[in-house]
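Notes for the one structure printed next.
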């Protein structure tokens, strides 16, 4: 298998992995909105596994691109367009170009969805923190209540002991 075929095969694998990651991120978004902690943790593990695989594929791709860079005589900054120029097969060139564009779009969508999910997590944590702060804040000494006439009146908070049952008989 020549380097161009290896690259096409690897880019196809990367595209499939990006699509799986997109699916996981979509499910993760639903779990975040539903505040399902166990599902979020599961999706986090799935994402980490996919990212580990992606780093292995990235190393393999770097090796192939390095080999192709020697072929092109361009050691630095080799782009897909440079590789396409050196590809001898028109059919292979079209496939590489197509998968490269699709991979770029999918990776951008994954990045945007990941940022959006991170924002949702931050907002959820803020909401939870605010709710906890309200629940743990001491009540005001005087609060306004509405009477039968519809006017507000100041009422003093009952002392904590006034609501207790008498235990002595």
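In our numbering, the protein residues as written are 216 to 384.
Cβ atoms here follow ideal geometry from the backbone N, Cα and C, with glycine treated the same way.
Cβ-Cβ distance between residue 318 and residue 230 below 7 Å: One thing to note: residue 318 has its Cβ within 7 Å of the Cβ of residue 230.
The stretch 256-271 in contact with the stretch 231-239 per 3-pair CB rule at 8 Å: For the pair of segments examined, the stretch 256-271 was found to touch the stretch 231-239: the number of CB pairs separated by less than 8 Å reaches three.
Span of the alpha helix (DSSP H) around residue 341: Note, residue 341: alpha helix (DSSP H), 305-351.
Limits of the alpha helix (DSSP H) - the one that residue 218 falls within: Residue 218 -> alpha helix (DSSP H) spans 218-248.
Whole-angstrom distance between residue 286 and residue 227, CA atom to CA atom: In this structure, the alpha-carbon of residue 227 lies about 22 Å from that of residue 286.
Cα-Cα separation between residue 223 and residue 250, rounded to whole angstroms: Cα to Cα, the separation comes out at about 40 Å.
Rounded straight-line distance, which links the Cα of residue 279 to that of residue 218: Rounded to whole angstroms, residue 218 to residue 279 spans 6 Å at the Cα level.
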